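Participant: Here the protein sequences come in this chain order: A, B, C and D.
Position in the first sequence counted from 1, then plus 103, gives you the numbering used here.
Position in the second sequence counted from 1, then plus 103, gives you the numbering used here.
Position in the third sequence counted from 1, then plus 103, gives you the numbering used here.
Position in the fourth sequence counted from 1, then plus 103, gives you the numbering used here.
C-beta: ideal position from N, C-alpha, C; glycine also.
For clarity, every value in this text was computed on a predicted model and none was experimentally measured.
Could you have a look at this structure, given as C-alpha cells, before my questions?
There are 4 protein chains.
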Amino acid sequence: MSHPAAHVPAAQVSDAARTMLESDTASATLGIDVTRAVDGEAVAAMRITEHMVNGHGIAHGGYLFLLADTTFAAACNSHGPVTVASGAEISFVTSVRLGDELVAEAVERTRYGRNGIYDVTVHRETGAGREVVAEFRGRSRTVGQITS
Amino acid sequence: MSHPAAHVPAAQVSDAARTMLESDTASATLGIDVTRAVDGEAVAAMRITEHMVNGHGIAHGGYLFLLADTTFAAACNSHGPVTVASGAEISFVTSVRLGDELVAEAVERTRYGRNGIYDVTVHRETGAGREVVAEFRGRSRTVGQITS
Amino acid sequence: MSHPAAHVPAAQVSDAARTMLESDTASATLGIDVTRAVDGEAVAAMRITEHMVNGHGIAHGGYLFLLADTTFAAACNSHGPVTVASGAEISFVTSVRLGDELVAEAVERTRYGRNGIYDVTVHRETGAGREVVAEFRGRSRTVGQITS
Amino acid sequence: MSHPAAHVPAAQVSDAARTMLESDTASATLGIDVTRAVDGEAVAAMRITEHMVNGHGIAHGGYLFLLADTTFAAACNSHGPVTVASGAEISFVTSVRLGDELVAEAVERTRYGRNGIYDVTVHRETGAGREVVAEFRGRSRTVGQITS
Numbered sequence: 104m105s106h107p108a109a110h111v112p113a114a115q116v117s118d119a120a121r122t123m124l125e126s127d128t129a130s131a132t133l134g135i136d137v138t139r140a141v142d143g144e145a146v147a148a149m150r151i152t153e154h155m156v157n158g159h160g161i162a163h164g165g166y167l168f169l170l171a172d173t174t175f176a177a178a179c180n181s182h183g184p185v186t187v188a189s190g191a192e193i194s195f196v197t198s199v200r201l202g203d204e205l206v207a208e209a210v211e212r213t214r215y216g217r218n219g220i221y222d223v224t225v226h227r228e229t230g231a232g233r234e235v236v237a238e239f240r241g242r243s244r245t246v247g248q249i250t251s
Numbered sequence: 104m105s106h107p108a109a110h111v112p113a114a115q116v117s118d119a120a121r122t123m124l125e126s127d128t129a130s131a132t133l134g135i136d137v138t139r140a141v142d143g144e145a146v147a148a149m150r151i152t153e154h155m156v157n158g159h160g161i162a163h164g165g166y167l168f169l170l171a172d173t174t175f176a177a178a179c180n181s182h183g184p185v186t187v188a189s190g191a192e193i194s195f196v197t198s199v200r201l202g203d204e205l206v207a208e209a210v211e212r213t214r215y216g217r218n219g220i221y222d223v224t225v226h227r228e229t230g231a232g233r234e235v236v237a238e239f240r241g242r243s244r245t246v247g248q249i250t251s
Numbered sequence: 104m105s106h107p108a109a110h111v112p113a114a115q116v117s118d119a120a121r122t123m124l125e126s127d128t129a130s131a132t133l134g135i136d137v138t139r140a141v142d143g144e145a146v147a148a149m150r151i152t153e154h155m156v157n158g159h160g161i162a163h164g165g166y167l168f169l170l171a172d173t174t175f176a177a178a179c180n181s182h183g184p185v186t187v188a189s190g191a192e193i194s195f196v197t198s199v200r201l202g203d204e205l206v207a208e209a210v211e212r213t214r215y216g217r218n219g220i221y222d223v224t225v226h227r228e229t230g231a232g233r234e235v236v237a238e239f240r241g242r243s244r245t246v247g248q249i250t251s
Numbered sequence: 104m105s106h107p108a109a110h111v112p113a114a115q116v117s118d119a120a121r122t123m124l125e126s127d128t129a130s131a132t133l134g135i136d137v138t139r140a141v142d143g144e145a146v147a148a149m150r151i152t153e154h155m156v157n158g159h160g161i162a163h164g165g166y167l168f169l170l171a172d173t174t175f176a177a178a179c180n181s182h183g184p185v186t187v188a189s190g191a192e193i194s195f196v197t198s199v200r201l202g203d204e205l206v207a208e209a210v211e212r213t214r215y216g217r218n219g220i221y222d223v224t225v226h227r228e229t230g231a232g233r234e235v236v237a238e239f240r241g242r243s244r245t246v247g248q249i250t251s
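Have a look at this one:
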C-alpha cells in the first residue's frame, strides 16, 4: 500500500470513524490530522503546503473544501453506519496562504431518516486567535445498515 | 519553482484565463488540463489517481470539487478582470473510481455587477458515452478593475 | 373548497403535473399560472402584487422563491411519480417591484436514483426584453412508485 | 396604507430591525410575528393557514422559506446598516401541515466586509417538544453605510 493511513489518536475517535479514516489515504496524503470524531462532531487540522497554492502563494479554495469535507465525513461516520456526502455548500470568507495552519470543526445540525446536515467552520490559527476562513454545510446520506 | 505550470493549449484560452492558469500550480499538480476558457465558458479534464482515492478505490469527493472549481475559475476569469470564487454548491451524483477520466464543463449562467453564477457539470467518460458524476454551481466576485 | 385550483391550460401540461397543480391551492392563491410542465421542464408566470412588497414597493425575496419552487415542482412532477423538494438554493440577482411580471423557467439538469436537480431562472419581462432577477437550483426526491 | 405593520413588541428588537420590520407589510400579511431581533439574532413565529397548504393539507415549502427569510432579514438588519439577502440555501426536513405553529431562530455565523452568513432553524412546536422542519442558511450583503 503506497499511502500511509491518516494519523488518528487513540482517544476521541469512535471505532466507526476510525475505520473510515484508516482507509482514507486521500486525506492522509494531504496531511489532514483528525483529532476528534465522536457523537456527530469532529475536529481536523491541515497545514497549507506549496502543492496547495498558486504562484502568488494563495491557496486553492478546493483544498479548504477538502479539509472541510474530510471533517464532515469524520463527523457523520462517527455514529457507525456507513454514511456518504450527497452534497455541500461552501462560502469562502478570506484567502489563505502558504504555511497557514487550519483547523476545521464539524457539528451535527440535524438528522432525519437517512439524511443529515452538518456545519463545518474552517479557522486559521493566528497569534491573535482564530479567524474564520470558510463556512461549509454538508448533506449526508447513510447507505449502510441503520441498527438503532 | 517546484511545480510545472498547468498545461494550456495555444487556442481557445483567453489571455486573462491563461495568466490565471499559468500561476495555478495547485491545479497543475493534480494533472488538471484546461482545454478551453473563453467567453465565460471552460472545459477541463482530470484523471483520478491513487492519491485521490481511499483504500476501497473510491475518489474523495473533494477532488471532484477541485476539478469543478478550477474549471469555474477558468470560465469566470476568461473575461479579463481578476475574479475569485465567493462560494459554491456541489451535488455528488455517483461515486468515482481510480483511473476514471473526468471532464468538467463550465458555463456562465448570469453576471450582475461584480457577481457571477457559473454551472459546472462533471462527467465520466465511459465506453457507452458520458455519465454525470457531479453538478456544481459557483458564485464569483470580480475584484480587479472592470473596464468595459 | 375555499381556494380556486391553479389555472392550467389544456396543452403542454402532463397528467401527473396537472394532478399536482390542481391541488396546489397555495400557488393558485398567489396567482401563479403554470403554462408548461412536460418532460422535466416547466414555465410559470406571476405578477408582483401589493401583498408581496414592503412599504418601499420592493418584493420580498421569499415570493421569488415561491414562484421558482412552484415551477420546479411542476417540472419534477411532470414525469409521473410523486416527487417532493428536498432542498433548494437561490441567488437574488436584482430587486423586483410592485407590478413586475415575472416568468420562471425550469429545466431538468440530471436525475439519479430517486434524486433530481432542476435549475430555474426567474426573469422580469421588460420593454427591452428579459432580465434575470433570480437563479434557483432545486433538489428533488421521488417518494411515489417509480414504474419505469 | 392597506397592510398592517408587522407586530413588533417593545423590547428585544433593535431600532434598525424595527424600522425594517415596520415597512415589511409582506411578512405582516403572512402573520409572521418577530419577537426578537438584536445583536445578529432573531426569533419569529408563524401559523400555517389554509392559504399556505395544498389540497392535501401539506404546506408549500415556499412558506417555510418565507418565514426563515424574514427571520434572517430581522437578524442581519439588527446591527443598523441596511442589509439585503444575496442568496440562501434551504433543506426541507419534514412536511408541515395546516394549523402547525412554527418558530424560526436565526443566529449569525460570521460577518466579513459587507457580507454575512446566518443560520435559521425552523421548528414545529408539538406537545412533545420542538421538531426541526427546515434548515436555512442565508447570505447577506450590507448596502447601507457602515459606520462602525
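Grouping DSSP H, G and I as helix and E and B as strand, with all else coil, what is L170 of chain C?
Facilitator: Of the three classes helix, strand and coil, the one that applies to L170 of chain C here is helix, per DSSP.
Participant: Closer than 7 Å, Cβ to Cβ, to anything on chain A: give me those residues from the stretch 178-212 of chain B, in chain order.
Facilitator: The stretch 178-212 of chain B vs chain A, Cβ under 7 Å: A188, S189, G190, A191, E192, I193, S194, F195.
Participant: Can you list, in chain order, the residues of the stretch 146-169 of chain C whose Cβ is nearer than 8 Å to any Cβ on chain E?
Facilitator: The structure shown has no chain E; the protein chains it does contain are A, B, C and D.
Participant: Whole angstroms is fine: what's the gap from G219 of chain A's alpha carbon to V141 of chain A's?
Facilitator: Cα-Cα distance, rounded: 15 Å.
Participant: What did DSSP end up calling G164 of chain C once you bin it into helix, strand or coil?
Facilitator: Helix at G164 of chain C.
Participant: Are the CB atoms of E228 of chain A and A178 of chain A within a distance shorter than 8 Å?
Facilitator: No, the pair does not count as a contact, with Cβ atoms beyond the cut-off.
Participant: Take the Cβ of G259 of chain D as the centre, count every other Cβ of all protein chains shown within 10 Å, and call the residue buried at 16 or more, exposed below.
Facilitator: The first residue shown for chain D is 104 and the last is 251, placing residue 259 of chain D beyond what the model contains.
Participant: Return the residue from the list D:S198, D:I135, D:A176 that minimises the CA-CA distance to V206 of chain D.
Facilitator: It is D:I135 whose Cα lies nearest to the Cα of V206 of chain D.
Participant: Cβ closer than 8 Å: which chain A residues qualify as neighbours of Y215 of chain D?
Facilitator: By Cβ distance, chain A contributes V196, T197, V235.
Participant: In whole angstroms, what separates the C-alpha of D222 of chain D from that of R244 of chain C?
Facilitator: Cα-Cα distance, rounded: 24 Å.
Participant: Among B:V225, B:T122, B:M123, whose alpha-carbon lies nearest the alpha-carbon of F239 of chain B?
Facilitator: The shortest Cα separation from F239 of chain B among B:V225, B:T122, B:M123 belongs to B:V225.
Participant: Where does T87 of chain C fall in DSSP's three states?
Facilitator: Because chain C is modelled from 104 through 251, residue 87 of chain C falls outside the range shown and cannot be assessed.
Participant: List, in chain order, every chain C residue whose beta-carbon is nearer than 8 Å to that of E125 of chain B.
Facilitator: Ordered by position in chain C, no residue passes the 8 Å Cβ test against E125 of chain B, which lies about 30 Å from the chain.
Participant: For V199 of chain B, is the classification buried or exposed, using 16 other Cβ atoms within 10 angstroms of its Cβ as the cut-off for buried?
Facilitator: Result: buried.
Participant: Of all the CB atoms in chain C, is at least one closer than 8 Å to the CB of T257 of chain D?
Facilitator: The structure shown does not extend to residue 257 of chain D, since chain D spans only 104 to 251, so no value can be given for it.
Participant: Please check if any C-beta of chain A sits within less than 8 Å of the C-beta of R244 of chain D.
Facilitator: Cβ-Cβ to chain A under 8 Å: no for R244 of chain D.
Participant: Could you pull the start and end residues of the beta strand (DSSP E) that S243 of chain D belongs to?
Facilitator: Unbroken beta strand (DSSP E) run through S243 of chain D: 232-245.
Participant: Could you tell me which chain C residues have their CB closer than 9 Å to the CB of D172 of chain D, listed as they occur along the chain?
Facilitator: Those are H163, G164, G165, F168, listed as they occur along chain C.
Participant: Around the C-beta of G202 of chain C, are 16 or more other C-beta atoms found within 10 angstroms, so that it is buried, or is it exposed?
Facilitator: So G202 of chain C ends up on the exposed side.
Participant: Any beta carbon from chain B within less than 8 Å of T224 of chain A's own beta carbon?
Facilitator: So no, T224 of chain A is outside the interface.
Participant: Does the beta carbon of T132 of chain A sit closer than 8 Å to a beta carbon anywhere in chain B?
Facilitator: Interface residue, yes.
Participant: Tell me, to the nearest whole angstrom, how far the beta carbon of A129 of chain A is from that of M155 of chain B; I am working on the premise that it is less than 8 Å.
Facilitator: Their Cβ separation, rounded to whole angstroms, is 5 Å, which keeps A129 of chain A and M155 of chain B in contact under 8 Å.
Participant: Counting along the chain, where does the beta strand (DSSP E) carrying R227 of chain C start and finish?
Facilitator: Here the beta strand (DSSP E) through R227 of chain C covers 218-229.
Participant: Give me the Cβ distance between S181 of chain D and S126 of chain D, rounded to the nearest whole Å; I'm assuming they're in contact under 8 Å.
Facilitator: About 15 Å separates the two Cβ atoms, so there is no contact after all.
Participant: Note down, in chain order, every chain B residue with its Cβ under 7 Å from the Cβ of E238 of chain C.
Facilitator: Within 7 Å Cβ-Cβ: R212, T213, I220.
Participant: Who does G190 of chain D pair with in a DSSP beta bridge?
Facilitator: Looking at the DSSP assignment, G190 of chain D forms a beta bridge with C:S194, D:R242.
Participant: Compute the minimum distance between the beta carbon of G160 of chain B and the heavy atoms of the ligand ADP, and state whether it is under 7 Å.
Facilitator: For the structure depicted, the ligand ADP is absent and the ligand set is empty, with no information on it obtainable.
Participant: If you drop the 5 nearest sequence neighbours on each side, which residues of the same chain put their C-beta closer than 8 Å to that of Q115 of chain D?
Facilitator: Around Q115 of chain D: T138, R139, A140, V141.
Participant: Where do the N-terminal and C-terminal ends of the alpha helix (DSSP H) with E94 of chain A fall, by residue?
Facilitator: The question about residue 94 of chain A has no answer, for chain A in this structure spans 104 to 251.
Participant: Tell me the DSSP secondary structure of L124 of chain A in three-state form.
Facilitator: Looking at L124 of chain A - three-state DSSP - the assignment turns out to be helix.
Participant: For A147 of chain D versus L170 of chain D, is the C-beta spacing smaller than 8 Å?
Facilitator: Yes, they are a contact pair.
Participant: Taking only the alpha-carbon atoms, compute the straight-line gap between R121 of chain B and D172 of chain B and give it to the nearest angstrom.
Facilitator: Distance between the alpha carbons of R121 of chain B and D172 of chain B is about 16 Å.
Participant: Answer yes or no: do E192 of chain C and E211 of chain B have a C-beta to C-beta separation smaller than 8 Å?
Facilitator: Going by C-beta atoms, E192 of chain C is not nearer than 8 Å to E211 of chain B.
Participant: Looking at the structure shown, is T203 of chain D part of a helix, part of a strand, or coil, going by DSSP?
Facilitator: The residue asked about is misnamed: residue 203 of chain D is Asp in this sequence, not Thr. D203 of chain D: coil per DSSP, three-state reduction.
Participant: Could you give the distance in angstroms between the alpha-carbon of V246 of chain B and the alpha-carbon of T186 of chain B?
Facilitator: The alpha-carbon atoms of V246 of chain B and T186 of chain B are separated by roughly 6 Å.
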